[in-house]
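The next block holds one structure in the form of structure tokens; read it before the comments.
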Amino acid sequence: MYFNYFWLRDNCVTSWDSSTQERTFDILDESDDLHATSAWLDNESLDIIWSDGFESRYDLHWLERWHKGENHGDLAVRVRKTWYGDHYSDMARFNYDDVMLNPASVADWAEAMLDEGVALIQHMPNSDEGLKTLCELFGTVRPSFSGYTFDVKSKANPENLAYTSKALELHTDLPAEELAPGIQFLHCRVNDAQGGNSLFVDATAVANALKQQHPKYFKILTEYEVPYRYTTDYQDVRTKQRIIELDPNNGEVSGINFSQHLADVFDFSQREMDTFYPAFRKFGQMLQYSQYLMTFRLNAGECIVFDNHRIAHGRESFEKGSGARHLRGCYVDRGDLRSVYRVLRARYSKAKVTAPLQPSLEM
Ligand SMILES: [Fe+2]
């Protein structure tokens, strides 16, 4: 096996502070001709004496693992379980009190988020604090251009379609932000309105189907950088995103950025529009196919939590004036979710489910 001298010296076990696990060694200070003056094997170790006289010892299994590219291993790299329109009864469900008290349940919840991208938290307290404490199990609430939280209810002069009683077509939130929000929480505080069913789609299932049925369209949507923009009187937020995102770990579909509300004027050449629009339209149409569409009523006391890069969401229209309707939402980053999962799953094994979890309320 070949190992680079700088890499070896940089990763000597003495390079890290034993309490913080941060690297305290400075490879920049080493001379350009750093090399081993002698090296030998001692049982399960490789010993090296460096050109400056320093001695290092390496575990051979550790060296072998990194040589093979196995690195640290990552519990949070998991196989996504795609789901379809009939997922509602199978959707992972947890009680607020349980996740607040039991870290093993938080690990199970995080696992459901990584695998399926969606879970329902039930029996939430009817308070702003309830949502905040739930989010903080995964990480810090991260602001978006609407602030730390947002409220979805009808308004007199809405600046966003979400604040009206109109239907909301399937979308992911805020692709106009450079780092579009990762995990979205939508806490239903009141829902006495007629209509307004929630719509959720596992966009990885749809993108995989597009890849099979229309591989050219799929390729276009993984390559074109699409402009998104959000403006108010005092904001002009813009960025470009790929409609279909691929997982750098394995090249699989990891999510999407899709919002016709926030799509800016596409700025490809007009000839490229001939290529782009059929792909964009087909994918958007497929998102709406009933086989992928999970439709259900979100009830007061429930909080739906979903991966905003993977799950497209929308809403049927509701009858204005038919009853109060209020959802409060916020976001945490996906990196926070993965971090919590790595730590908790390493400590707590998966809880044994003793009885099937049932939806608490009728669809
Ligand atoms: Fe949304």
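In terms of UniProt numbering, the sequence shown has 310 at position 310, counting the first letter as 1, and numbering is strictly consecutive.
Just so you know, even glycine gets a beta-carbon here, dropped at the ideal spot from N, CA and C.
Since this is a predicted model, take the numbers as computed values, not measurements.
Query: Straight-line gap, residue 180 to residue 206 (C-alpha atoms, nearest Å); Result: 20 Å
Query: Where the alpha helix (DSSP H) through residue 291 begins and ends; Result: Counting along the chain, residue 291 falls outside any alpha helix (DSSP H), and DSSP gives it neither H nor E.
Query: Reduced DSSP secondary structure (H/G/I, E/B, other) of residue 141; Result: coil
Query: Inter-residue Cα distance where the pair is residue 107 and residue 149; Result: 24 Å
Query: Neighbourhood of residue 275 by C-beta, 7 Å cutoff - its chain only, sequence neighbours within 5 removed; Result: 220
Query: Ranges of the alpha helix (DSSP H) found wholly within the segment 86-118, counting only runs of at least 4; Result: 96-101, 103-115
Query: Cβ-Cβ distance between residue 124 and residue 130 below 7 Å; Result: yes
Query: Coarse secondary structure for residue 348, derived from DSSP in three states; Result: coil
Query: Proximity below 7 Å, CB of residue 317 to CB of residue 139; Result: no
Query: Bridge partner(s) assigned by DSSP for residue 120; Result: 93, 304
Query: Per-residue DSSP class, three states only, for residue 48; Result: strand
Query: Reduced DSSP secondary structure (H/G/I, E/B, other) of residue 43; Result: coil
Query: Where the beta strand (DSSP E) through residue 314 begins and ends; Result: 311-315
Query: Closer than 6 Å: residue 151 CB and nearest ligand 1 heavy atom; Result: no
Query: Any non-hydrogen atom of ligand 1 within 6 Å of residue 274 CB; Result: no
Query: For residue 99 and residue 121, believed in contact at Cβ under 8 Å, the rounded distance; Result: 7 Å
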